[in-house]
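What the sequence shown shows, in UniProt numbering, is residues 1 to 360, in sequence order.
Here the structure comes first, spelled out in structure tokens, and everything after it is commentary.
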Amino acid sequence: MEKEEERRKEEEEEEEEKSQKDCAKVIYIYEPVFDSSTSVLYLNHLILYECQGLSQELEQLSRERGQPCFRLQPMHCNTVVANWARGSDGFTFPPEAGYPLESHQATYYMLETHYNYPDYTYDFSPFYRKNLSKQQRNMNIKSRDEAAEPQPEDSDPRSNTDEDLADDMDDSIAMEQQMVDNSGLKLYYTRKLRQHDAGVLSVGLDPNWRHIIPPRQENVVSEGHCIGACTQHAFPRDGINIFAVMSRTHLIGRQVKLRQIRGNMELQPIMRDTNIDPSYQDYRRLTVPARILPGDSLVAECIYDSSSRKSITLGGMTTREEICIILTLYYPRQRELTSCHSLPSLPTVLHSLGIEELAS
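Spelled out as structure tokens, the structure:
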């Protein structure tokens, strides 16, 4: 009787596994959908998150009408599915990998959209001006209204001081322009499964005020660490394979490097970009996937030029603040680690500012 019951359970498990596999889908392409050509001027980036949790928690989230992105993300909404930033056409996965869409469990997706006032940030960029018309032609724009006039050729955010940028932003706010935007991401999926499930791992500095960049400096180095103890716990025995990398800074970022350390030896950098442009942030495919083993450490290194700034720059999500984040696409997907960020301790920050003791 016990054997028969055990056999019945095994058959049910096999049937459930087969059913899940039959329903499984993978994303193999995603691309941005712009609501209008005007939207392109204001959009900074789009991030699609997958949220995990109890059905009642997800049901509560589904009733929300949205909220500011500057709040901390819910812990169950920290898995990046897809992301678009200025200069990107979207992403096509390699034949051996795709991002899994699992239909056998309750799943909630959250879209995060960051906007900028055009006069304040990126439309000064020569790269952006040159490529705006290309993006408007190639992207999925749902309406055909006229784009705003480009800024003068001699305008560049890198030559503007904080005061200049603040004045530009104040002018934009004074216009009191209001617009409704329905831009988003289009996902292409298939039931033809790939050899590997892909995932996204974010490495870098947690966007926080403790990330401090002094003013009037041509070369400021910041590092975000994903320590070996984290990869040892999360990564499979054979490690993961990084096949594409996107670096993200704001206006004063100049160089980004993703370093790999194994034991006491530093290996060749996984990626290095010595000419960061804030209006061109796209995934760079690696010629050969980089193998990261359990116990390896990853370091996101960012170099900033704050020579045009008259006051300190703090870490944060707004454009006037700075970030140091590297998004990596890899396979096979693991679920233990989606963001691996570090942050200077409060005593370290206070010491760097010359503060030895806080008043009680």
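All residues carry an ideal CB built from backbone N, CA and C; glycine is no exception.
query: Who are the Cβ neighbours of Q195 in its own chain at under 6 Å, not counting the five residues just before and after it?
result: Counting from one through the sequence shown, the residue named residue 195 turns up at place 195. Contacts found: E96.
- prompt: Terminal residues of the continuous beta strand (DSSP E) containing V256?
  reply: To locate residue 256, count along the sequence shown from 1; it is residue 256. Element bounds for V256: G253 to R262.
- prompt: With 16 other CB atoms within 10 Å as the buried threshold, where does E357 fall?
  reply: As a first step, residue 357 is located in the sequence shown; it is residue number 357 there, counting from the start. In this structure E357 is exposed. Its beta-carbon is surrounded by fewer than 16 other beta-carbon atoms within 10 angstroms.
message: According to DSSP, is V349 part of a helix, a strand, or is it coil?
response: The residue labelled residue 349 in the question sits at position 349 within the sequence shown. In this structure, V349 counts as helix in the three-state DSSP scheme.
The region 270 to 288 touching the region 179 to 186, judged by at least three CB pairs closer than 8 Å: At 8 Å Cβ cutoff, the stretches do not touch.
- prompt: Along the chain, which unbroken stretches of the alpha helix (DSSP H) at least 4 residues long are found entirely within the region 207 to 255?
  reply: Runs found: 228 to 234.
task: Rank G66, V33, R259 and N44 by C-alpha distance to the C-alpha of V278 and give the top, closest one.
output: The residue given as residue 278 occupies position 278 in the sequence shown. According to the sequence displayed, residue 278 carries Pro and not Val. It is N44.
query: So the alpha helix (DSSP H) L58 belongs to, where does it begin and stop?
result: Position 58 of the sequence shown, counted from the start, is the residue given in the question as residue 58. That run of the alpha helix (DSSP H) goes S55 to S62.
- request: Name the residue from E322, G53, T338 and Q334 whose alpha carbon lies nearest to the alpha carbon of E223.
  value: Counting from one through the sequence shown, the residue named residue 223 turns up at place 223. Distance check between E223 and each of E322, G53, T338 and Q334 places E322 closest, using alpha-carbon atoms only.
- request: Just the C-alpha distance for P344 and H211, rounded to the nearest angstrom, thanks.
  value: Within the sequence shown, the letter at position 344 stands for residue 344. Within the sequence shown, the letter at position 211 stands for residue 211. Here the alpha carbons of H211 and P344 stand approximately 7 Å from one another.
- prompt: Can you tell me whether DSSP reads Y330 as helix, strand or coil?
  reply: Working through the sequence shown from its first residue, we reach residue 330 at position 330. Of the three classes helix, strand and coil, the one that applies to Y330 here is strand, per DSSP.
query: Considering only residues of the same chain and omitting the five flanking positions on each side of D296, which have a CB-CB separation below 7 Å?
result: Within the sequence shown, residue 296 is the residue found at index 296, counting from 1. Closer than 7 Å at the Cβ level, and outside the excluded window around D296, lie G228, T231, Q260, I261 and R262.
field: Opposing strand residues paired with H114 [DSSP bridges]
entry: Residue 114 sits at position 114 when you count from the first residue of the sequence shown. Answer by DSSP bridge pairing, in chain order: H45.
message: Taking the alpha-carbon of H225 as reference, which of I326, N241 and N275 has the nearest alpha-carbon?
response: If you number the sequence shown from 1, residue 225 lands on position 225. Taking the Cα of H225 as reference, the smallest distance to any Cα among I326, N241 and N275 is reached at I326.
query: In terms of residue numbering, what span does the beta strand (DSSP E) encompassing G295 cover?
result: Taking the sequence shown and counting its residues from 1, the one referred to as residue 295 is at position 295. Unbroken run through G295: none, as it is neither H nor E.
task: Mark V36 as exposed unless 16 or more other C-beta atoms lie within 10 angstroms of its C-beta, in which case mark it buried.
output: The residue labelled residue 36 in the question sits at position 36 within the sequence shown. A small fix is needed here, since residue 36 is Ser in this sequence, not Val. Classification for S36: buried.
query: When you compare only the Cα positions, how much space is there between Y30 and I242?
result: Working through the sequence shown from its first residue, we reach residue 30 at position 30. Working through the sequence shown from its first residue, we reach residue 242 at position 242. It is roughly 19 Å from the alpha-carbon of Y30 to the alpha-carbon of I242.
- prompt: In whole angstroms, what is the alpha-carbon distance linking Q334 and Y99?
  reply: To locate residue 334, count along the sequence shown from 1; it is residue 334. To locate residue 99, count along the sequence shown from 1; it is residue 99. Distance between Q334 and Y99, taken at the CA atoms: about 12 Å.
- prompt: What does a CB cutoff of less than 7 Å around C77 pick up in its chain, not counting 5 residues either side in sequence?
  reply: Taking the first residue of the sequence shown as 1, we reach residue 77 at position 77. Within the same chain, C77 has close Cβ partners Y49, C51 and M110.
- request: With D273 as the anchor, note down where its beta strand (DSSP E) starts and where it stops.
  value: In the sequence shown, the residue the question calls residue 273 occupies position 273. Residues M271 to D273.
message: Can you give me the C-alpha to C-alpha distance between N275 and K25, rounded to a whole angstrom?
response: Taking the sequence shown and counting its residues from 1, one reaches residue 275 at position 275. Taking the sequence shown and counting its residues from 1, one reaches residue 25 at position 25. Per the coordinates, the alpha-carbon of N275 lies some 37 Å from the alpha-carbon of K25.
- prompt: What residues in its chain sit with their C-beta under 6 Å from that of A234, if we drop five residues either side in the sequence?
  reply: The sequence position of residue 234 within the sequence shown is 234, counting from 1. So the list reads Q334, E336 and L337, once near-sequence residues are dropped.
Counted within 10 angstroms of its Cβ, other Cβ atoms place H351 as buried (16 or more) or exposed: Counting from one through the sequence shown, the residue named residue 351 turns up at place 351. So H351 counts as exposed.
- prompt: Would you say L258 and M271 are within 7 Å of each other, going by their C-beta atoms?
  reply: As a working note, residue 258 is residue 258 in the sequence shown. As a working note, residue 271 is residue 271 in the sequence shown. Contact: yes.
query: Can you name, in chain order, every residue of its own chain whose Cβ lies under 8 Å from the Cβ of D197, other than the five neighbours on each side?
result: Locating residue 197 in the sequence shown gives position 197, where the first residue counts as 1. Closer than 8 Å at Cβ, skipping near neighbours: V26, A97, G98, Y99, P100, Y331, P332 and R333.
- prompt: How long is the line joining the alpha carbons of C324 and P94, rounded to whole angstroms?
  reply: Here residue 324 refers to the residue found at position 324 when the sequence shown is read from its first residue. Here residue 94 refers to the residue found at position 94 when the sequence shown is read from its first residue. Taking the straight line from one Cα to the other gives about 26 Å.
7 Å Cβ shell around G239 - same chain, five flanking residues per side excluded: Within the sequence shown, numbered from 1, the residue matching residue 239 stands at position 239. R291, I292, L293 and P294.
query: CB G316 to CB P214, shorter than 7 Å?
result: One-based indexing of the sequence shown puts residue 316 at position 316. One-based indexing of the sequence shown puts residue 214 at position 214. It is not a contact, given that the beta carbons lie outside the stated cut-off.
- prompt: What is the DSSP secondary structure of E79, reduced to helix, strand or coil?
  reply: As a first step, residue 79 must be located in the sequence shown, where it is residue number 79. The amino acid occupying residue 79 in the given sequence is Thr; Glu does not appear at that position. In the displayed model, T79 falls within a strand according to three-state DSSP.
task: Tell me, to the nearest whole angstrom, how far the beta carbon of I303 is from that of V221; I am working on the premise that it is less than 8 Å.
output: Sequence index remark: in the sequence shown, residue 303 carries index 303 (1-based). Sequence index remark: in the sequence shown, residue 221 carries index 221 (1-based). Between the beta-carbon of I303 and that of V221 there is about 5 Å, and that keeps the pair under the 8 Å contact cut.
CA nearest to the CA of I47, picked from E301, L58 and H114: Reading the sequence shown from its first residue, position 47 is the one you call residue 47. The shortest C-alpha separation from I47 is found at H114.
query: Start and end of the beta strand (DSSP E) containing I27?
result: For the purposes of this step, residue 27 is taken as the residue at position 27 of the sequence shown. First-last of the beta strand (DSSP E) with I27: K25 to F34.
message: I'd like the span of the beta strand (DSSP E) that includes T190, first residue to last.
response: As a working mapping, residue 190 is identified with position 190 in the sequence shown. Looking at the DSSP string, the run of the beta strand (DSSP E) that includes T190 is G184 to T190.
field: Enclosing beta strand (DSSP E) for residue 428 [first to last residue]
entry: Here the chain has residues from 1 to 360 only, and residue 428 is not among them.
message: Quick check on the burial criterion: 16 or more other C-beta atoms within 10 angstroms. Buried or exposed for N116?
response: In the sequence shown, residue 116 corresponds to position 116, counting from 1. Sixteen is the threshold: when 16 or more other Cβ atoms of the shown chains lie within 10 Å of the Cβ of N116, as they do, the residue is buried.
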